[in-house]
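Numbered by our numbering, the letters in the sequence shown go through residues 5 to 156 in order. Where a beta carbon is used, it is the ideal one built from N, C-alpha and C, also for glycine. Remember, it's a predicted structure, so these values are computed and weren't measured experimentally. Let me begin by presenting the structure, written as structure tokens, before commenting on it.
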Amino acid sequence: TGKEQRITITASSGLAKDEVERLVKEAEAHAEEDARKREQIEARNIADTSAYQAEKTLQEFGEQIDADLKSEVEARIADVRSVLAQEDADAPSLQAATQALSAAVQKIGEAVYARQQAEAASASGPDDAPPSDEGPGDAGDDDTIEGEYREV
């Protein structure tokens, strides 16, 4: 038919070279500030997550720890929450509060573990027979019959 169809797409708002260069220079000038804001936001997120996890841990194991440790963890959670409430809180103060909270929560884990070990030791008692020296392959006095099987 001799008819040609053609579509041309052009950018209607192209930036000039000098505008692109200006934007790149602005980005480079604010790179340090952006990095500082990013660090602050990440520290804020980590602190918030740590406080939430500490509250959850305290709910789960609060009955198994002594009152002093429980009040210490609650105080550390309150410290983190108060730092988070400040709009201009910097990353180092957030990180310091988070580390103090993590250390207190670590003590909860140690206390719960020690309590479980003590309960396990008292449950086994001294009446138990000493462990035998027989290995898993040793034949004992029981009537064990070894055999092989094959899946069909």
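key: Unbroken alpha helix (DSSP H) run spanning residue 148, endpoints   = Position 144 of the sequence shown, counted from the start, is the residue given in the question as residue 148. Unbroken run through residue 148: none, as it is neither H nor E.
request  = Might you give, ordered along the chain, the residues of its own chain that have their beta carbon closer than 7 Å to the beta carbon of residue 77, omitting 5 neighbours on each side?
outcome  = Sequence index remark: in the sequence shown, residue 77 carries index 73 (1-based). Counting only Cβ-Cβ distances below 7 Å, and skipping sequence neighbours, we find 58, 62, 108, 109, 112.
query = Between which two residues does the alpha helix (DSSP H) containing residue 60 stretch?
reply = Numbered from its first residue, the sequence shown carries residue 60 at position 56. Unbroken alpha helix (DSSP H) run through residue 60: 35-65.
message = As an exercise, report each continuous alpha helix (DSSP H) stretch of at least 4 residues that is fully enclosed by the region 85-138, in chain order.
response = If we require 4 residues or more, the alpha helix (DSSP H) runs fully inside the region 85-138 come out as 95-128.
message = Using only CA atoms, which one of 26, 122, 115 lies nearest to residue 71?
response = As a first step, residue 71 is located in the sequence shown; it is residue number 67 there, counting from the start. Closest by alpha carbon: 115.
request  = State buried or exposed for residue 83, treating a residue as buried only when at least 16 other CB atoms are found within 10 Å of its CB.
outcome  = Position 79 of the sequence shown holds residue 83. Buried, since its Cβ has 16 or more Cβ neighbours within 10 Å.
message = Just to confirm, is the Cβ distance from residue 95 to residue 33 under 9 Å?
response = One-based indexing of the sequence shown puts residue 95 at position 91. One-based indexing of the sequence shown puts residue 33 at position 29. Taking 9 Å as the Cβ cut-off, residue 95 and residue 33 do not qualify as a contacting pair.
query = With 16 other CB atoms within 10 Å as the buried threshold, where does residue 105 fall?
reply = As a first step, residue 105 is located in the sequence shown; it is residue number 101 there, counting from the start. Buried, because 16 or more other Cβ atoms sit within 10 Å of the Cβ of residue 105.
query = Roughly how many whole angstroms lie between the Cα atoms of residue 87 and residue 121?
reply = The count along the sequence shown starts at 1 and reaches residue 87 at position 83. The count along the sequence shown starts at 1 and reaches residue 121 at position 117. So the two alpha carbons sit approximately 37 Å from each other.
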